[in-house]
Structures are given as structure tokens and as C-alpha cells.
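Undergrad: This is the structure I have questions about; it appears just below.
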Amino acid sequence: MIKNGAARADGDAAKVNFAGNRLLATFSPAERALLTGAALPVSLRKGEILWQPGEAIPASYFPCAGTQISLAVDLADGARVDVATIGKEGAAGGIVSCGTAHAFGTASVQVGGAAIRVDLAELEAAKARSAHIKSLFCRYSDALLAQVMQSVACNASHALEARLCRWLLSSHDRAAGDDIPVTQGVLAEMLGVQRTTTNMVLKTLSNSGAVELKRGTIRVLSRATLEELACECYRVVEEHFARVLPPLKPQQVVPDDEA
Amino acid sequence: MPRYFFHLYNAIGITRDEEGQELPSVEAARASAVKVIRDILRDEIGSGALGIGGRVVIADEASAIVGTVPFGEAVRIDSTPH
């Protein structure tokens with residue numbers, strides 16, 4: 001397991017691509033200036049642990065491009081269950097706690113790539129100076145809580161195939177293309193089941209033409225089929241995000257060429 | 001640690017395990033197969049139909065079969081009338 005909470009800085013703050021993340025993309029030039037020196041482009045490696053339970057969180061991470069961070073809870077029997085996957089639509093670290101608390105769960109990099117690391121104390125200072133930034137993070141906290149609430153209900157009640165389809169759809173939204181770079185082992189861990197069980201469901205999805213399985217990658221072939229098989233949990237969370245977060249033109253979030 | 005592969009035989013056909021999993025012993029692999037079966041049955045029971053005729057075949061890195069766990073061995077069914 002790779003352990004490097006500080007991540008690797010990719011370059012100087014001047015090169016920060018605010019437009020690569022949906023939250024940061026809504027910042028005006030003046031609001032971006034508030035984070036000068038505090039926001040750094042970083043490259044997150046797949047499998048990297050950003051923090052573990054009890055640790056003080058030094059920074060928020062804003063995924064860009066196809067980068068995804070998984071928030072998970074570790075159970076005493078060794079099982080790790082994913083409660084939220086965060087991509088370019090959001091941020092992880094000190095969001096709900098407003099920068100003061102210790103980590104409750106484990107944050108790990110599920111899909112490696114570009115992200116923007118913002119020092120938490122500086123982010124709090126920027127919230128104090130900008131009504132937009134303050135309101136944005138309050139609304140995003142609400143959206144993130146909704147995501148986790150739906151996840152609890154979904155894990156408790158829905159069949160594995162529906163949950164897996166839901167996960168694939170939400171991961172596909174955050175991916176750079178149709179390929180979701182995830183091993184079946186990691187996927188099983190996130191769904192809280194055995195690997196072979198996940199393989200079985202993936203096989204039925206592959207047989208129905210919804211996905212194509214390659215080693216370490218799941219390619220989405222038919223979103224329509226996945227949407228049919230998924231529970232309502234994917235759709236209701238998406239709808240809540242759209243209602244709660246400020247409207248954003250699609251072209252405002254642009255991929256980072258340096259990713 | 002040796003790597004074990006868990007091939008699943010049930011109503012949907014054969015699901016071959018290409019990735020495998022590192023485990024300390026054949027006993028640990030059998031315990032893992034039991035968890036797989038319970039996962040599947042737990043999920044199935046929610047839909048009201050239980051397929052108990054499947055099996056998990058455990059193979060080692062040389063593709064040699066080191067164990068088979070029938071679904072029925074993973075659960076104890078008590079059908080005593082009460």
C-alpha cells in the first residue's frame with residue numbers, strides 16, 4: 001500500500017487549472033486569486049492513501065480529468081466498504097468538517113491522475129472572504145451527504161447487480177472516456193463483497209453487452225443497459241447534485257492536458 | 001504467499017477467475033470460497049430464489065484443482081418443522 005499524504009507536486013501554483021474541477025471552475029478570477037500559493041497541481045497515484053482514520057487532514061483534494069478518490073470505511077473483520085466516490089464534480093478532505101476534524105474514514109486514490117491540492121487553512125480563509133466560496137462548499141457538503149445517505153440505503157437494500165451498475169454509471173461519469181480502470185478485486189472491496197461474486201455479476205453484464213472486461217479495465221459499452229439494471233440511487237443522487245450545485249456550462253470543465 | 005483462483009460453476013455458467021488472490025493456505029482459500037457462496041446466496045435470497053446447486057472450484061497457480069466447495073457446504077439449512 002502506497003502511503004504519501006502529501007502527494008507529488010507537479011508544478012508551480014501559476015499552472016493550476018481551476019477549470020479542471022467542477023467546484024473550482026465556478027470561482028471568479030478574484031476568488032482564484034484568494035487561493036494563490038495555497039492551490040497546487042498534484043499527481044495522485046492509483047492506490048495512494050491520502051489519509052486514514054484519526055489522522056489530521058492537511059488539505060482538500062480536487063480531482064481533475066478522470067481522477068477518482070474513494071472514501072471508505074474499514075470494518076473490524078478486514079472488510080473495506082466504499083461510501084462515496086469523488087471525481088471532478090467534487091472534493092475530498094475537510095469539506096464537511098470545515099477544516100477542523102480528524103479523518104473518520106480512509107481516502108484512497110481509485111483512479112490516478114491530476115488533482116488540485118488546496119491547503120485546508122487557506123481554503124477556510126478563502127471561505128471567510130468570499131460569499132460564493134462559502135456557499136459553494138455548504139451546498140457541496142449537502143450534495144456529498146446526500147451521496148453517502150443514498151449509499152447507506154442502497155448497500156442495505158439493493159441487489160449486487162443493481163449496486164454494481166450504479167457504481168459503474170457514476171464512475172463512468174467521472175472517467176476520462178469509456179474505460180474505467182479498476183481491477184475486479186478493488187471493485188469487490190468497494191462493494192463489500194468477495195471478488196468472485198463481483199466477477200459473476202460482471203460476467204452477466206458482459207454477456208448482455210453492457211460492458212467489455214479487460215484485465216484491470218471495465219469498458220462501458222451500453223449506458224442504457226446499465227441504467228436499466230441500476231437501482232434509482234444513481235439517478236436521485238445525480239438529480240440532487242444538479243439541484244444543489246450552481247449551474248455549469250459543460251465547456252467550463254476542461255480536461256487538463258498535462259494530466 | 002500462494003495465489004489461488006476461484007472458478008464459479010452455477011446457473012449462469014462458468015465464471016473463470018483470471019486475477020486470483022494471494023492467501024496463506026488451501027484452508028484460507030476454502031474459507032474464502034465459503035464467503036463467496038454466502039455472498040451469492042445472500043443476494044439471491046433477496047429476490048426469493050435460491051440456487052443451491054453450484055460449486056466453487058479452487059485452483060492453484062499451476063491450474064491444479066486444490067479444492068471444491070459445493071454451495072450446500074457453505075450454509076446449514078435447518079428444515080426441522082417447529
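Residue numbers (the UniProt record's numbering), protein chains in the order written: chain A, 1 to 259; chain W, 1 to 82. For each residue, glycine too, the CB sits at the ideal point set by N, CA and C. Owing to the predicted nature of the structure, the values given are computational and were not obtained by experimental measurement.
In whole angstroms, give me the CA-to-CA distance for Glu55 (chain A) and Pro63 (chain A).
TA: Those two C-alpha atoms are separated by around 21 Å.
Undergrad: Mapping the DSSP letters down to three states, classify Ala126 (chain A) as helix, strand or coil.
TA: Ala126 (chain A): helix per DSSP, three-state reduction.
Undergrad: Can you tell me which of the three DSSP states Lys3 (chain A) falls into?
TA: Unreliable positioning characterises Lys3 (chain A) in this predicted model, as indicated by a pLDDT of 45, which lies under 50. A coordinate reading is not provided.
Undergrad: In chain order, which beta strand (DSSP E) runs of at least 3 residues are fully inside the segment 72 to 129 of chain A?
TA: With a minimum length of 3 residues, the continuous beta strand (DSSP E) runs that stay inside the segment 72 to 129 of chain A are 80 to 86, 106 to 111, 113 to 119.
Undergrad: Are there 16 or more other CB atoms within 10 angstroms of the CB of residue 276 (chain A), so buried, or fewer, so exposed?
TA: What the structure shows of chain A is the stretch from 1 to 259, and residue 276 (chain A) is not part of that stretch, so it cannot be assessed.
Undergrad: Find the residues of chain A that neighbour Thr15 (chain W), judging by a C-beta separation of less than 8 Å, and give them in chain order.
TA: Per Cβ cutoff of 8 Å: Thr196, Asn199, Met200, Lys203.
Undergrad: Does the distance from the C-beta atom of Gly20 (chain A) to that of Ala65 (chain A) stay below 9 Å?
TA: Yes, they are a contact pair.
Undergrad: For Ala176 (chain A), collect the residues of the same chain with a Cβ closer than 6 Å to its Cβ; drop the 5 residues on either side in sequence, then sort them by chain order.
TA: Closer than 6 Å at the Cβ level, and outside the excluded window around Ala176 (chain A), lie Ala65, Gly66.
Undergrad: Would you list the one or two residues that DSSP bridges to Val152 (chain A)?
TA: In the DSSP output, where bridge partners are listed per residue, Val152 (chain A) has none listed.
Undergrad: So that I know if they touch, is there some Cβ in chain W lying closer than 9 Å to that of Ser108 (chain A)?
TA: It does not: the Cβ of Ser108 (chain A) has no partner Cβ on chain W nearer than 9 Å.
Undergrad: Could you confirm whether any beta carbon from chain W is found closer than 9 Å to the beta carbon of Arg215 (chain A)?
TA: Yes, Arg215 (chain A) counts as interfacial toward chain W.
Undergrad: Please report the distance separating the alpha-carbon of Thr15 (chain W) from that of Gly53 (chain W).
TA: Thr15 (chain W) and Gly53 (chain W): Cα-Cα distance of roughly 15 Å.
Undergrad: Can you list the residues of chain B that Ile40 (chain W) reaches, using a CB-CB cut of under 8 Å?
TA: You won't find chain B in this structure, because its protein chains are A and W.
Undergrad: For my contact list, Gly105 (chain A) and Leu71 (chain A) are in at a C-beta cut-off of 8 Å; report their separation, rounded to the angstrom.
TA: Their Cβ separation, rounded to whole angstroms, is 5 Å, which keeps Gly105 (chain A) and Leu71 (chain A) in contact under 8 Å.
Undergrad: Sorted by chain position, which residues of the same chain lie with C-beta nearer than 6 Å to His132 (chain A)'s C-beta, five sequence neighbours on each side aside?
TA: So the list is empty, once near-sequence residues are dropped.
Undergrad: Candidates A:Ala30, A:Val148, A:Ala79, A:Leu50: which alpha carbon is nearest Val111 (chain A)'s?
TA: Out of A:Ala30, A:Val148, A:Ala79, A:Leu50, A:Leu50 has the C-alpha closest to the C-alpha of Val111 (chain A).
Undergrad: Which residue spans inside the UniProt domain "HTH crp-type" (158 to 224) of chain A form an unbroken beta strand (DSSP E) run of at least 3?
TA: Counting whole runs of 3 or more residues, the UniProt domain "HTH crp-type" (158 to 224) of chain A contains the beta strand (DSSP E) stretches 211 to 214, 217 to 220.
Undergrad: Comparing the C-beta of Ser32 (chain W) with each C-beta of chain A, is any distance below 9 Å?
TA: Yes, because at least one Cβ of chain A sits closer than 9 Å to the Cβ of Ser32 (chain W).
Undergrad: Quick one: Cα of Arg30 (chain W) to Cα of Pro58 (chain A), how far?
TA: Rounded to whole angstroms, Arg30 (chain W) to Pro58 (chain A) spans 43 Å at the Cα level.
Undergrad: Does the distance from the CB of Ile95 (chain A) to the CB of Phe137 (chain A) come in under 9 Å?
TA: Yes.
Undergrad: List the whole-angstrom C-beta distance separating Gln21 (chain W) from Arg38 (chain W), where the pair is believed to meet the contact cut-off of C-beta under 8 Å.
TA: Not quite, the Cβ-Cβ distance comes to about 16 Å (not below 8 Å), so this is no contact.
Undergrad: Relative to the C-alpha of Arg215 (chain A), which residue among A:Asn199, A:Leu226, A:Glu227 is closest?
TA: Closest by alpha carbon: A:Asn199.
Undergrad: Determine which residues share a DSSP beta bridge with Gln147 (chain A) and list them.
TA: Beta-bridge pairing links Gln147 (chain A) to no other residue.
Undergrad: Measure the CB-CB distance between Gly51 (chain W) and Val26 (chain W) and report whether it falls below 9 Å.
TA: Contact flag unset, no.
Undergrad: Are there 16 or more other CB atoms within 10 angstroms of the CB of Ala84 (chain A), so buried, or fewer, so exposed?
TA: Result: buried.
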